Ligand SMILES: Cc1cc2nc3c(=O)[nH]c(=O)nc-3n(C[C@H](O)[C@H](O)[C@H](O)COP(=O)(O)O)c2cc1C
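In my numbering, the protein residues as written are 8 to 304.
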């Protein structure tokens with residue numbers, strides 16, 4: 008069996024990589040001695056991610072996941088941007104298939120207290136949580152105030168188990184840590200008719216609600232070269248896996264970078280261009296395992 012054929016068997020595991028809105032945008036094209044990673048345009052977020060920052064960060068998390076899973080199963084593979092190629096040695100990584108399988112985002116409350124000392128990837132900066140807590144409602148109001156951004160989000164929400172793609176992709180009520188009543192309320196509020204009226208009557212402020220970030224939280228910003236988001240995505244993946252090993256989960260807050268006003272304020276807090284922002288902590292409740300599409304055969 009060639010290494011690309013052996014790698015194909017690993018697809019169900021590499022699909023555990025994280026992506027914005029859980030779109031799982033990656034595609035794999037198999038050659039005789041390489042595997043190309045591409046993306047499906049129908050799984051990009053052209054409205055909320057017009058610069059494709061999150062798309063390429065997600066492809067970076069996928070590249071890193073592919074390398075880790077290949078290494079842990081004995082395949083000697085390296086990556087050149089979005090191509091997997093044969094290598095002399097296994098990819099040098101402390102992470103394993105188990106780390107990939109166990110990692111998950113957590114959007115509920117975190118236990119108070121400091122985080123364990125984890126070696127941080129280059130470009131990762133801790134920022135004052137109080138500043139981020141103050142900015143988040145502004146970003147949320149911006150997001151819910153934009154009809155096209157909200158319409159795109161609606162396409163990826165799976166707020167009832169009756170949704171036909173509930174087990175495949177997108178953001179479920181459980182992943183968003185919503186109670187049944189909250190999920191019903193959000194579904195009604197974001198339904199096109201209610202939203203169209205509510206948007207003019209203060210619905211965006213209501214939906215933004217209280218900030219999930221408290222001043223005692225730990226918040227990180229990943230900085231990097233905006234021209235190389237794949238590399239940043241790989242660092243992001245390694246960071247989330249390293250934290251995950253210590254029982255620490257993350258909650259990305261990309262709307263802070265999507266909203267022009269909060270993006271500018273966040274940039275003032277760090278030295279390089281911010282590419283991702285997330286809070287990190289020990290979840291009070293075990294977060295659910297997010298859904299994934301079945302692996303094509
Ligand atoms: C580049 C990127 C941006 C993301 N942005 C957000 C975000 O703004 N808010 C959020 O709650 N989750 C965000 N996520 C987390 C994804 O929604 C999550 O990875 C996906 O739903 C799969 O869940 P899992 O990571 O628990 O497997 C982001 C993930 C990535 C890779």
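Positions of the beta carbon are idealized from the N, C-alpha and C atoms, including for glycine.
Bear in mind the structure is a predicted one, so any value in this text is a computation, not a measurement.
Residue i burial status per 10 Å Cβ neighbour count (16 or more: buried)
i, result
"residue 226", "buried"
"residue 105", "exposed"
"residue 166", "buried"
"residue 204", "exposed"
"residue 188", "exposed"
"residue 28", "buried"
Check: residue i C-beta below 7 Å from any heavy atom of ligand 1
i, result
"residue 251", "no"
"residue 111", "yes"
"residue 178", "yes"
"residue 48", "no"
"residue 292", "no"
"residue 280", "no"
"residue 157", "no"
"residue 259", "yes"
"residue 224", "no"
"residue 213", "no"
"residue 268", "no"
"residue 100", "no"
Span separating the alpha-carbon of residue i from that of residue j
i, j, result
"residue 9", "residue 213", "55 Å"
"residue 269", "residue 95", "45 Å"
"residue 315", "residue 113", "For residue 315 there is no data in the structure shown, the boundaries of the chain being 8 and 304."
"residue 65", "residue 206", "31 Å"
"residue 277", "residue 130", "10 Å"
"residue 162", "residue 60", "19 Å"
"residue 122", "residue 132", "14 Å"
"residue 286", "residue 258", "5 Å"
"residue 117", "residue 139", "16 Å"
"residue 21", "residue 89", "14 Å"
"residue 224", "residue 39", "48 Å"
"residue 36", "residue 46", "10 Å"
"residue 301", "residue 24", "14 Å"
"residue 158", "residue 55", "10 Å"
Residue from the options with nearest C-alpha to residue i
i, options, result
"residue 82", "153, 299, 49, 41", "41"
"residue 2", "240, 219, 182, 145", "The requested residue 2 does not occur in the structure, where the chain is confined to residues 8 to 304."
"residue 244", "262, 107, 155", "107"
"residue 13", "29, 91, 27, 46", "91"
"residue 197", "186, 51, 164", "164"
"residue 191", "170, 209, 174", "170"
Contact belief for residue i with residue j at Cβ below 8 Å, rounded distance in angstroms
i, j, result
"residue 282", "residue 236", "6 Å"
"residue 216", "residue 280", "That pair is no contact at about 29 Å."
"residue 67", "residue 239", "6 Å"
"residue 70", "residue 44", "6 Å"
Proximity test, Cβ basis, 8 Å: residue i and chain D
i, result
"residue 302", "As a matter of chain content, chain D is missing from the structure shown, which is built from one protein chain."
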